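Counting in our numbering, the first sequence runs from 25 upward without gaps.
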Amino acid sequence: MKKALNSPASIDELMQRAESMAGLTLGQLANYHEIEMPKDLKRHKGWVGQLIELELGALAGSKPEQDFVHLGVELKTIPVSRTGKVLETTYVTVAPLTDIQGLTWQNSVVCHKLQQVLWIPVQGDRDIPLAHRQIGSPILWRPSAEESYLLQQDWEEIMEFISMGQVNKVTARHGEVLQLRPKAANSQVLTDSIGKDGQLTQTNPRGFYLKTQFTQRILSQLL
DNA sequence: ACGTGATCATCT
DNA sequence: AGATGATCACGT
């Protein structure tokens, strides 16, 4: 995927560019950028996100920061059905499993990334050919006081387990809106984590994800 | 291995 | 059908 050359200078410009994509298909956008399109996403899971990043001028890279640092905006493409139902959870960031003493919600990466999110709904029904999937209207979201509260509660509960060496006791069922799930090439990958008695051990890397019902509320209330 | 972009595949 | 745990590709 080619790297974006220009980045929007303001949120207004970003939103205008996002709104101009609405109604286009992935095929049209890929053709415009002369990007090859895979048959499906089985081996190209991040393809849609990369295409949208290219169109909007997101700064490429794998840094744990917002996509538009100068605007304070995180970009998320979200697969939805024909009827607008959210089809997948939303990855936020990897979870810190060591050196977390003193870490608070307010200075966590999850909190920072979710300060302001530009949601780009894209049809994700597997029976719609990739080229025919339509891009929806963008939604710029800032968490409400209640949403922030829910996120903080879940984050603190999960981080408490991690700090106590109980990360292996946390499942995706914990948390009302934010959940912890594996995030790695496969289940054999290991990374350092806090173990019994505060000693270092190893475990499968985890990531924070937004649950679909939470994301659905965000998209619905603003549509 | 880590962090980004996420969706897949299976089980309930 | 929906959610959980697992997985795929890429740049560094």
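Ideal Cβ positions, reconstructed from N, Cα and C, are used throughout, including at glycine. If you're wondering where the values come from, they're calculated on a predicted model, not measured in any experiment.
Residue nearest to residue i in terms of C-alpha spacing, selected from the options
i	options	result
leucine 121	Met183, Gln212, Lys193	Met183
proline 103	Phe92, Val93, Lys69, Val194	Lys69
leucine 174	Arg67, Gly160, Phe238	Phe238
glutamine 158	Glu180, Val141, Thr101, Glu170	Thr101
Neighbour-count burial assignment, residue i, 16 or more Cβ in a 10 Å radius
i	result
leucine 224	exposed
glutamate 79	buried
arginine 67	exposed
aspartate 221	exposed
tyrosine 56	exposed
arginine 241	exposed
glutamate 43	exposed
Reduced DSSP secondary structure (H/G/I, E/B, other) of residue i
i	result
alanine 217	Note that residue 217 is serine in the sequence shown, not alanine. It is a strand residue.
glutamine 3	Nothing can be reported for residue 3, as the shown portion of the chain is limited to 25 through 247.
threonine 128	coil
valine 93	coil
glycine 231	strand
glutamine 147	strand
Inter-residue spacing [alpha-carbon to alpha-carbon] between residue i and residue j
i	j	result
leucine 48	proline 145	12 angstroms
glutamate 77	glutamine 52	15 angstroms
histidine 136	proline 88	10 angstroms
Legend entry - Three CB pairs or more closer than 8 angstroms across the segment 110-126 and the segment 202-210: Here the segment 110-126 lies against the segment 202-210, with 3 or more beta-carbon pairs under 8 angstroms apart.
Legend entry - the segment 229-238 in contact with the segment 190-202 per 3-pair CB rule at 8 angstroms: Yes, the segment 229-238 touches the segment 190-202.
Inset, instruction - Check whether the segment 155-171 touches the segment 37-47, counting contact only when three or more Cβ pairs, one atom from each stretch, lie closer than 8 angstroms. - result: Under the 8 angstroms Cβ criterion, the segment 155-171 counts as touching the segment 37-47, having at least three qualifying pairs.
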